[in-house]
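S.K.: Below is the structure I would like to discuss, written out as structure tokens.
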């Protein structure tokens with residue numbers, strides 16, 4: 232039985248942990264934590280059926296690129312041992328890495344001390360997640376390649392008669408990529424109904440608002456034209472996210488989670504429409520964010 236209230240508290244802690252890290256490092260991807268904390272909390276608290284870990288894992292160091300005679304370091308280890316009946320979770324937007332690591336910590340899968348090596352030389356706890364980074368099963372390229380990978384994994388699992396699903400976490404900016412639409416076309420053609428996609432539709436990308444860079448709406452209608460089924464939900468409604476993620480439709484299913492990229496941090500609204508990355512401009516601004524963090528901390 233899923234505890235919706237516990238999942239919401241987990242989402243609040245994810246957002247707070249990212250905020251704390253951003254303050255300590257004079258910047259970071261804070262709006263992504265605002266928009267996606269509930270999505271990742273749902274995935275790591277029962278939305279994705281993953282093997283349990285006996286204890287949080289410490290991230291290994293990055294020794295060398297994969298090759299003959301070299302042990303492969305995989306971020307999928309933090310999702311536990313694979314099983315035919317369990318899900319595979321593939322994270323697509325690599326710049327959400329800090330939010331993913333925070334979710335893994337809150338889920339008891341990653342040692343909290345891992346963030347001390349964030350973005351450091353020789354660390355697998357990268358600023359932009361790669362296949363060796365905690366929680367990242369694949370390196371997803373520029374954008375959108377995780378969905379194609381997921382299609383291949385789902386097809387292979389069906390051929391092996393495995394029953395577990397393949398769940399992909401995406402951002403809405405990836406729907407500006409042609410490869411995303413080619414992947415959906417293939418998913419529909421091969422009738423890969425074990426694929427679930429959950430999308431953080433926050434309306435922004437690195438160059439500004441989606442509507443001014445390249446509009447993607449009506450996204451649900453476009454996806455359904457490509458053979459998928461969809462649910463459009465509030466990204467901060469935990470119960471709705473669980474329900475939509477588990478709905479069986481007989482087709483590749485997409486949960487379009489419409490989110491607020493300043494959720495719980497209204498001070499961020501002052502930076503609209505430039506929200507992709509936060510860098511403090513002066514000590515006074517940083518102090519204002521510190522005060523906002525302390526208020527959020529007290530509220531929890």
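Numbering (our numbering), first residue to last: 232 to 531.
Quick reminder that beta carbons are idealized off the backbone N, C-alpha and C, glycines included.
1. Can you tell me whether residue 352 is buried or exposed, with buried defined as 16 or more other CB within 10 angstroms of its CB?
2. If you draw a straight line from the alpha carbon of residue 303 to that of residue 526, how long is it in whole angstroms?
3. Taking just the CA atoms, how far does residue 434 sit from residue 403?
4. For residue 245, which residues from the same chain have a beta carbon less than 7 Å from its beta carbon, with the 5 sequence-adjacent residues on both sides left out?
5. Please name the residue, chosen from 256, 277 and 240, that lies closest to residue 233 on a Cα-to-Cα basis.
6. Can you give the Cα-Cα distance for residue 528 and residue 428, rounded to whole angstroms?
7. Could you give the first and the last residue of the continuous beta strand (DSSP E) run that contains residue 463?
8. Please report the distance separating the alpha-carbon of residue 274 from that of residue 484.
9. Please confirm whether residue 287 and residue 342 have their CB atoms less than 8 Å apart.
10. So what does DSSP say about residue 227, is it helix, strand or coil?
11. One question on the structure: do residue 325 and residue 378 come within less than 8 Å of each other, judged by their Cβ atoms?
12. The ligand MN heavy atoms versus the CB of residue 259: any closer than 7 Å?
13. Thinking just about the alpha-carbon of each residue, which of 425, 374, 383 and 421 is nearest to the one in residue 407?
14. Alpha carbon to alpha carbon, what distance is there between residue 242 and residue 310?
15. By the three-class DSSP mapping on this structure, what secondary structure does residue 284 have?
16. Does the stretch 382-393 touch the stretch 345-361, meaning 3 or more C-beta pairs lie closer than 8 Å?
17. With a threshold of 16 other CB atoms inside 10 Å of the CB of residue 490, please say whether the residue is buried or exposed.
18. With which residues is residue 440 paired in a DSSP beta bridge?
M.R.: Straight from the coordinates:
1. exposed
2. 43 Å
3. 7 Å
4. 264, 268, 271, 272, 330, 333, 334 and 337
5. 277
6. 32 Å
7. 460-465
8. 15 Å
9. yes
10. Since the first and last residues shown for the chain are 232 and 531, residue 227 lies out of range.
11. no
12. The ligand MN is not part of this structure, which contains no ligands at all.
13. 374
14. 18 Å
15. coil
16. no
17. buried
18. 435
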